[in-house]
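Worksheet: the structure to be examined is printed underneath.
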Amino acid sequence: VTVDTVRPVISQLTDSPDPFSPSQGQTSTLSFTISEPVSVTLSIYNSAGRLVRTLLSNSPRTSSNNAVMWNGNIRGKPVAPGVYTYKLWSWDAAGHRHASPYPALGMITVLGSGGGGAVTNPVPSPAPSLRETTTQPPP
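When you read off a place in the sequence shown, starting at 1, and then add 3, the result is the number in my numbering.
See the structure below:
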């Protein structure tokens, strides 16, 4: 019997373009690399920490590079301009969460209908593309 004790590793969590303007028909691609096949949940939260949209829910992914497109819409309408956080949780076949007990975290800026200019009270993007938080995994 072989027991898998190696936790999956998430790296290179990025989004492009950032900022983007859904009201102008733009989309953003959220990309990540994982070290082994896993199931992932990728969710987007507003600045108040409320869930806006789940792009992937317990979705099987292969090791290597992965990408998911976000059109910045909820029920066909663009989200409000602002800074959004996205969280990526992963589990391997043995049920191990990725190397950290917390999700990989990124931030993305959504612009208004003008497509440019400053966002009111922007939150600075994290310096590295991978951050950790202290929230618990989704149920």
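The beta carbon of each residue, even a glycine, is placed where N, CA and C say it ideally should be.
Every value quoted in this text rests on a predicted model; they were computed, and no experiment measured them.
In the DSSP annotation of this structure, the continuous segment of the beta strand (DSSP E) that includes F35 starts and ends at S31 to I37. Rounded to whole angstroms, the gap between the alpha carbons of S116 and S60 is 29 Å. When rounded, the separation of the alpha-carbon atoms in W94 and G79 is 30 Å.
Taking the Cβ atoms as the reference, R64 lies roughly 7 Å from P40, within the contact range of under 8 Å.
Note: A83 is not bridge-paired with any residue in the DSSP secondary-structure output. Beta-carbon to beta-carbon, G75 and Y89 are separated by about 12 Å, too far to satisfy the 8 Å threshold. Buried is the label assigned to P22, since at least 16 other Cβ atoms lie within 10 Å of its Cβ. Within the DSSP bridge table, the entry for D18 names L33 as partners.
Comparing alpha carbon positions, the residue from V86, L16 and S19 closest to S50 is V86.
The residues T17 and A70, in chain order, have a CB closer than 6 Å to that of S34 in the same chain once the five nearest residues on each side in sequence are set aside.
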